[in-house]
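Engineer: There's a structure below that I have some questions on.
In this note's numbering, the protein residues as written are 264 to 785.
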């Protein structure tokens, strides 16, 4: 290892090389990016601290956003409630009991205006975790930016827009796979022309892992989905280099410290190799896997919840040692309910301590050359590639989803893990090991039921004030566009700008596309 030209110093005064060179490995910033996509990684720029937030009302979430920005967060991440995630308005009968419960309720452009009131969309980076109605929520964001005079070229952030993982693991799909993939590709095409700094899709392994997959399955299923999206975009007429640099990924970070670090390193190398062989890009950024990480919500326990602070810290450290581009650290009380202001501050402080006090970001890929880490990286890379090839040989990710292949594999892995916990073979502190007699806490954010009533009143008021004939005209135009094979996003944008609600816009597309029930995979 080269230690000449030392650029770092430990707390005790020992000089070291911040960009160590190892003979048998390519350096960070060079293909196949096993060690990171940037030469100096966090030495020139830290990862983005992007805490996921959204609850109750647009006003309450706006207040939380401003608190997080004040406390040093660098990017916003919006959590939507279940009705919004399914494209339903708050006054829909099926929304009863879920409005504002696990995220913020967004029904119309009026809610989106309030959500980002006083926040400059030209300077902040925003991530939106939304999939089935992703095109609608992104259209609302663009509409508010247009109203505020923010150039579309200034908009920075990510729309998750990953519907395949909903069929595989999470279940919040609406349309059949074909139309869903069309909408995903459509947003990618529009953004390539209009919002070049916006990440058009965040291909998510996080929810696949949360559903019970192994680390290898998380990597394999995520990259298989990415291949499906890339092929779909190419088939729609896009050149790979026009959209690939704006594709991003989203992984979970679980408890096995070294396996998670190796997983991230393997995924980068694997994606580079797949892209180079399959698409032969001319832009080097097209083969770079950029990813956001969230610590594993499924590992949080309601028993002894303060233990979660420790779990999250270890997981965050693994994500940074693995080279993540942005990070969300879970709040310790999320197994009990929506996080409190105190718990989200601790979650953010966890990242800040990691960044400023541990020294971990001062060395590029500091575990490179570790016999254990390199062995795990190779094993995960090779096992995931074998799984991807099997999926491709059987027709690709979409075909597998329609048969329930990936769903079945996740069920099997989840059952195996649960069996290990119930037998005591896998120990969980506070659950089946090191338990005590303390009661499960009832702490957590308490929602005001009046907020639901107020949300419905605002929605009804919005409908009463708009030009109804214009709204219906725009919705009809959108429906007609769905019956053609043309681009849909411009018509969705026109509809929400006219005052159409999320549910109404979704229904206009449902009338053509219908809905779908996936095989369980069992």
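Yeah, the Cβ is synthetic: ideal placement off N, Cα and C, and Gly gets one too.
Using the Cα positions of residue 291 and residue 536, report the straight-line distance between them to the nearest angstrom.
Structural biologist: Each residue's alpha carbon lies about 16 Å from the other.
Engineer: Output the distance between the C-alpha atoms of residue 264 and residue 617, rounded to the nearest integer angstrom.
Structural biologist: Confidence at residue 264 is low in this model, with a pLDDT of 43, below 50, so its placement is unreliable and no value can be given for it.
Engineer: Which residue's Cα is closest to the Cα of residue 682: 776, 631, 336 and 475?
Structural biologist: Nearest option by C-alpha distance: 475.
Engineer: Look up residue 274 in the DSSP assignment and say whether it is helix, strand or coil.
Structural biologist: Reduced to three states, the DSSP call for residue 274 is coil.
Engineer: Determine the DSSP secondary structure at residue 591, reduced to helix, strand or coil.
Structural biologist: Reduced to three states, the DSSP call for residue 591 is strand.
Engineer: If you count every other CB in all the chains shown that lies within 10 Å of the CB of residue 610, and 16 or more means buried, which is it?
Structural biologist: Residue 610 comes out buried.
Engineer: Helix, strand or coil: how does DSSP classify residue 338 here?
Structural biologist: Here residue 338 sits in strand by DSSP.
Engineer: Could you tell me whether the Cβ atoms of residue 596 and residue 629 are closer together than 9 Å?
Structural biologist: No, these two residues do not count as a Cβ contact at 9 Å.
Engineer: To the nearest angstrom, how far is the alpha carbon of residue 585 from that of residue 315?
Structural biologist: Taking the straight line from one Cα to the other gives about 20 Å.
Engineer: Buried or exposed: where does residue 266 fall if 16 or more other Cβ atoms within 10 Å of its Cβ makes it buried?
Structural biologist: Interpretation of residue 266 is limited by its pLDDT of 44, a score under 50 that renders its predicted location unreliable; the figure taken from the coordinates is listed afterwards. Exposed: under 16 other Cβ atoms inside 10 Å.
Engineer: With a threshold of 7 Å on Cβ separation, who are the neighbours of residue 770 within its own chain once the five nearest residues in sequence on each side are excluded?
Structural biologist: Closer than 7 Å at Cβ, skipping near neighbours: no residue.
Engineer: Considering only residues of the stretch 380-427, which uninterrupted beta strand (DSSP E) runs meet the minimum length of 3 residues and lie entirely inside it, listed in chain order?
Structural biologist: As far as the stretch 380-427 is concerned, its whole beta strand (DSSP E) runs of at least 3 residues are 388-392 and 419-422.
Engineer: When you compare only the Cα positions, how much space is there between residue 699 and residue 693?
Structural biologist: Going by the C-alpha atoms only, they are around 7 Å apart.
Engineer: Helix, strand or coil: how does DSSP classify residue 742 here?
Structural biologist: The answer is helix: DSSP assigns residue 742 an H, G or I state.
Engineer: Skipping 5 residues on each side, what residues in its chain have a beta carbon closer than 6 Å to that of residue 502?
Structural biologist: Around residue 502: no qualifying Cβ.
Engineer: Using 10 angstroms around the beta-carbon of residue 649, count the other beta-carbons present and answer buried if the total reaches 16, otherwise exposed.
Structural biologist: Burial call: exposed.
Engineer: Could you give the DSSP three-state label for residue 367: helix, strand or coil?
Structural biologist: If DSSP states are grouped into helix, strand and coil, residue 367 belongs with the strands.
Engineer: To which residues of the same chain is residue 443 closer than 6 Å at the C-beta, ignoring the five residues directly before and after it?
Structural biologist: Contacts found: 426.
Engineer: What is the DSSP secondary structure of residue 717, reduced to helix, strand or coil?
Structural biologist: Reduced to three states, the DSSP call for residue 717 is helix.
Engineer: What does DSSP give as the partner residues of residue 575 in its beta bridges?
Structural biologist: Bridge partners of residue 575: none, in fact.
Engineer: I want to know whether the stretch 357-376 touches the stretch 294-310 - three or more CB-CB distances under 8 Å.
Structural biologist: Result no; under three Cβ-Cβ pairs closer than 8 Å.
Engineer: If you follow the beta strand (DSSP E) that residue 464 is in, where does it begin and where does it stop?
Structural biologist: From DSSP, the beta strand (DSSP E) with residue 464 extends over 464-467.
Engineer: List the endpoints of the continuous beta strand (DSSP E) containing residue 312.
Structural biologist: 311-316 is the span of the beta strand (DSSP E), which, as asked, contains residue 312.
Engineer: Let me know the secondary structure DSSP gives residue 304 once reduced to three states.
Structural biologist: If DSSP states are grouped into helix, strand and coil, residue 304 belongs with the helices.
Engineer: Could you name the residues that DSSP lists as bridge partners for residue 461?
Structural biologist: Answer by DSSP bridge pairing, in chain order: 420.
Engineer: What's the call for residue 780, buried or exposed, on a 16-neighbour Cβ count within 10 Å?
Structural biologist: Flag for residue 780 reads exposed.
Engineer: Exposed or buried, what is residue 273 when buried is set at 16 or more other beta-carbons lying within 10 Å of its beta-carbon?
Structural biologist: So residue 273 counts as exposed.
Engineer: Can you give me the C-alpha to C-alpha distance between residue 646 and residue 529, rounded to a whole angstrom?
Structural biologist: Near 10 Å, if we compare the C-alpha coordinates of residue 529 and residue 646.
Engineer: Just checking residue 540 against the ligand MG - is the residue's beta carbon closer than 8 Å to any of the ligand's heavy atoms?
Structural biologist: Absence of the ligand MG is noted for the structure shown, with no ligands found whatsoever.
Engineer: Would you check if the distance between the CB atom of residue 423 and the CB atom of residue 390 is smaller than 9 Å?
Structural biologist: Going by C-beta atoms, residue 423 is nearer than 9 Å to residue 390.
Engineer: Helix, strand or coil, according to DSSP, for residue 515 in the structure here?
Structural biologist: Of the three classes helix, strand and coil, the one that applies to residue 515 here is strand, per DSSP.
Engineer: Take every Cβ of the stretch 325-334, pair it with every Cβ of the stretch 371-390, and state whether three or more of those distances are shorter than 8 Å.
Structural biologist: Contact holds: three or more Cβ-Cβ distances are below 8 Å.
Engineer: Identify whether residue 264 lies in helix, strand or coil by the three-state DSSP scheme.
Structural biologist: Reliability fails at residue 264, whose pLDDT of 43 lies under 50, so the model's placement of it is uncertain and the value that follows must be treated cautiously. Three-state result, residue 264: coil.
Engineer: Take every Cβ of the stretch 336-344, pair it with every Cβ of the stretch 623-640, and state whether three or more of those distances are shorter than 8 Å.
Structural biologist: No, they do not touch.
Engineer: Please classify residue 668 as buried or exposed, where buried requires at least 16 neighbouring CB atoms within 10 angstroms.
Structural biologist: Residue 668 comes out buried.
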